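Participant: Below is one structure. I have some questions about it.
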């Protein structure tokens, strides 16, 4: 997937994205980082065709994403949004079946492939046992996994996650990140996500796109691009970058 | 859970049958159920013939109007993602009423087209509410406030016109309540025709209504054409509310009360919620109309007043009993 000089603004007022250009490598995890309001979620919105950029385009398999038919695109990219709503009494399995919408018509019955994919998505996310429970009885971490399961049932090569770990306890944060890693490694999914925690981004991504005020400041391998200077420039936070043989690279914020 | 749903369906269907028969045999002419049934088949009982001409039309209209208004409420709640959306509250009914009153007052010869004018009026009111509340991305509170404002304007305008034309044919009809007296088989035909079309369409749209329980963004990423679905469901909802208003008059509250009862008993799945609301809505208006004409006869209490009087406390009771209202 190619991101070609995207500029975007809401109602022509403040420019949220300035000539953003990047590339998403297939089969790898790319993480977008940056301070609040830097445009990382907006960029994710453009990449998933939820926002139409004023300039530039996003090319997917040789075709601009806004040229795809809605269902056609939905078979290529799955998205897990930060905020989600569903009727409280809906069961996990029913919700995950929504992931099959791009493959079905309103009146067409479920086919074997639908059942297979839903089962696989539920098993991947460890929800198979809970498939008949109402979603409002689940914990926050489990609910997040339900939405991921829905996107997995979509059977897409690309998976986008907007702050998948926000509002979760540390254990559940890592549970989600491990799941993402496994999806990339074992099932070859291309993952693009937005994260707040730099150490999680370093630990789990192949590529990082660091943004500030709608611009890409730096992009590349976390090991090479995450430096004291970059953190100062992007977040305005003084950090030390440590690199230890047993835990790998990490940063420690010191203050502002 | 399934058990509760089946029982709920059996109870409302049973009650509707009982009330229908009771309504046919009770009133200024009293007959027994046996006489009624034999009379309906033989056509020789004079009383049964009178009932067929005078009482049956209003019963059929009450049933269809109740079903139409409740289902319209369910559809609007799905489209607007708002448990308070209801054709009465957001002004669809008063818009429908206003345009038909205008046309009948100034162009009485076009009486035959009342349903069409009603539909246009309902659609205008709905569009206004939708347009003005869209700005904030369908903020539920804002939408209801705008709906209340639109409703107030149309109700006021209708009252103004009827008060200025006291001698016209609309003089006896209040714009804020409903009377089901003097209904003819002609009215029944219109109500049943358009009502059935709307009800059948709404049952076909149940899956889309369910989809709208998710966020727009989520649906878009699933390749679902959200706006097209909204538009089509809205047309059906406006059709149902307008036709009920054109034939049976203004009923507020039915479209709010019945879907709420439905959600507590049946759940949020529109596959069951839509048919349940249709039957329960029919039961409510028919019961209200029957009580209205028998309680203190020969004086009639408008059915809409009875609906409000029984409906209000019942809704409060339900809401206090159950914490599950709508969505999350």
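Chains as they are written, first to last, in our numbering: chain A, 138 to 393; chain B, 13 to 340.
Don't be surprised by glycine CBs; every beta carbon is placed ideally from N, CA and C.
Predicted model, so just to flag it, every value in this text is computed and none were measured.
Could you name the residues of chain A that residue 225 of chain B contacts, counting a contact when the two beta carbons are closer than 8 angstroms?
Facilitator: 222, 223, 224, 227
Participant: When the cut-off is 9 angstroms and only beta carbons count, does residue 139 of chain B lie next to chain A?
Facilitator: no
Participant: Are the CB atoms of residue 115 of chain B and residue 129 of chain B nearer to each other than 9 angstroms?
Facilitator: yes
Participant: Do three or more CB pairs link the stretch 53-61 of chain B to the stretch 224-232 of chain B at distances below 8 angstroms?
Facilitator: no
Participant: Taking one C-beta from the stretch 273-288 of chain A and one from the stretch 304-315 of chain A each time, how about it: are there three or more such pairs within less than 8 angstroms?
Facilitator: yes
Participant: Measuring straight from C-alpha to C-alpha, what distance separates residue 269 of chain A and residue 284 of chain A?
Facilitator: 15 angstroms
Participant: Beta-carbon within less than 6 angstroms of residue 185 of chain B's beta-carbon, same chain only, minus the 5 sequence neighbours each way: which residues are those?
Facilitator: Residue confidence for residue 185 of chain B is low, a pLDDT of 49 falling below 50, so the modelled location carries little weight; the figure read from the coordinates is stated next. So no residue of the chain qualifies.
Participant: Do the CB positions of residue 166 of chain B and residue 106 of chain B come within less than 9 angstroms of each other?
Facilitator: Yes; because the gap between Cβ atoms is below 9 angstroms, this pair is in contact.
Participant: Taking all protein chains shown into account, decide if residue 324 of chain A is buried (16 or more other Cβ within 10 angstroms of its Cβ) or exposed.
Facilitator: Counting C-beta atoms within 10 angstroms of its own C-beta, residue 324 of chain A has fewer than 16 neighbours from the protein chains shown and is therefore classed as exposed.
Participant: Out of B:64, B:50, B:279, state which residue places its alpha-carbon closest to the alpha-carbon of residue 195 of chain B.
Facilitator: B:64
Participant: Rounded to whole angstroms, what's the CA-CA distance from residue 216 of chain A to residue 73 of chain B? Just pull it up for me.
Facilitator: 48 angstroms
Participant: By DSSP, does residue 270 of chain B sit in helix, in strand, or in coil?
Facilitator: helix
Participant: With DSSP as the reference, identify every bridge partner of residue 197 of chain A, one or two as the case may be.
Facilitator: A:200
Participant: Leaving out the 5 sequence neighbours to the left and right, which residues in its chain are closer than 6 angstroms to residue 133 of chain B when beta-carbon positions are compared?
Facilitator: 107, 108, 110, 111
Participant: Quick one: what's got a C-beta closer than 6 angstroms to residue 102 of chain B's C-beta in the same chain, skipping five residues either side?
Facilitator: Closer than 6 angstroms at the Cβ level, and outside the excluded window around residue 102 of chain B, lie 141, 159.
Participant: What residues in its chain sit with their C-beta under 8 angstroms from that of residue 312 of chain B, if we drop five residues either side in the sequence?
Facilitator: 191, 193, 304, 305
Participant: Quick check: residue 79 of chain B and residue 104 of chain B, are their CB atoms within less than 9 angstroms of each other?
Facilitator: In this structure, residue 104 of chain B does not lie closer than 9 angstroms to residue 79 of chain B by Cβ.
Participant: Can you pull out the residues from the stretch 181-197 of chain A whose beta carbon lies closer than 9 angstroms to at least one beta carbon of chain B?
Facilitator: 182, 185, 186, 187
Participant: Drop a sphere of 10 angstroms on the beta-carbon of residue 168 of chain A, count the other beta-carbons inside from all chains shown, and report buried for 16 or more, exposed for fewer.
Facilitator: buried
Participant: Could you tell me which whole alpha helix (DSSP H) segments of length 4 or greater appear in the stretch 62-92 of chain B?
Facilitator: 68-92
Participant: Answer yes if the stretch 286-297 of chain A comes into contact with the stretch 227-244 of chain A, meaning at least three C-beta pairs across the two stretches below 8 angstroms, and no otherwise.
Facilitator: yes
Participant: Of all the options B:274, B:98, B:295, which has the alpha carbon lying nearest to the alpha carbon of residue 288 of chain B?
Facilitator: Checked all of B:274, B:98, B:295; the closest Cα to residue 288 of chain B is B:274.
Participant: Could you say which of A:185, A:195, A:222, A:199 lies nearest to residue 207 of chain A if we only look at CA atoms?
Facilitator: A:185
Participant: Just tell me which of A:259, A:367, A:197, A:334 has its CA closest to the CA of residue 213 of chain A.
Facilitator: The residue with the shortest Cα to Cα distance from residue 213 of chain A is A:197.
Participant: I want to know whether the stretch 354-361 of chain A touches the stretch 239-247 of chain B - three or more CB-CB distances under 8 angstroms.
Facilitator: No: fewer than three Cβ pairs fall under 8 angstroms.
Participant: Which residue from A:336, A:317, A:335, A:333 puts its Cα closest to that of residue 327 of chain A?
Facilitator: Considering only alpha carbons, the answer is A:317.
Participant: What's the gap between the Cα of residue 59 of chain B and the Cα of residue 174 of chain B?
Facilitator: As the crow flies, the alpha-carbon of residue 59 of chain B is around 36 angstroms from that of residue 174 of chain B.
Participant: CB residue 62 of chain B to CB residue 35 of chain B, shorter than 9 angstroms?
Facilitator: no
Participant: Can you check whether the C-beta of residue 94 of chain B is within less than 9 angstroms of a C-beta belonging to chain A?
Facilitator: no
Participant: With a threshold of 6 angstroms on Cβ separation, who are the neighbours of residue 300 of chain A within its own chain once the five nearest residues in sequence on each side are excluded?
Facilitator: Once the five neighbours on either side are set aside, the close Cβ partners of residue 300 of chain A are 219, 331.
Participant: At least one CB of chain B closer than 9 angstroms to the CB of residue 268 of chain A: is that the case?
Facilitator: Closer than 9 angstroms: no.
Participant: Can you tell me which residues form a DSSP beta bridge with residue 330 of chain A?
Facilitator: A:168, A:298
Participant: What does residue 377 of chain A pair with, by DSSP beta-bridge criteria?
Facilitator: A:389
Participant: What residue from A:172, A:240, A:138 has the CA that sits closest to residue 164 of chain A's CA?
Facilitator: A:138
Participant: Are any of the Cβ atoms in chain B nearer than 9 angstroms to that of residue 275 of chain A?
Facilitator: So no, residue 275 of chain A is outside the interface.
Participant: From which residue to which residue does the alpha helix (DSSP H) around residue 343 of chain A run?
Facilitator: Run containing residue 343 of chain A: none; DSSP gives neither H nor E here.
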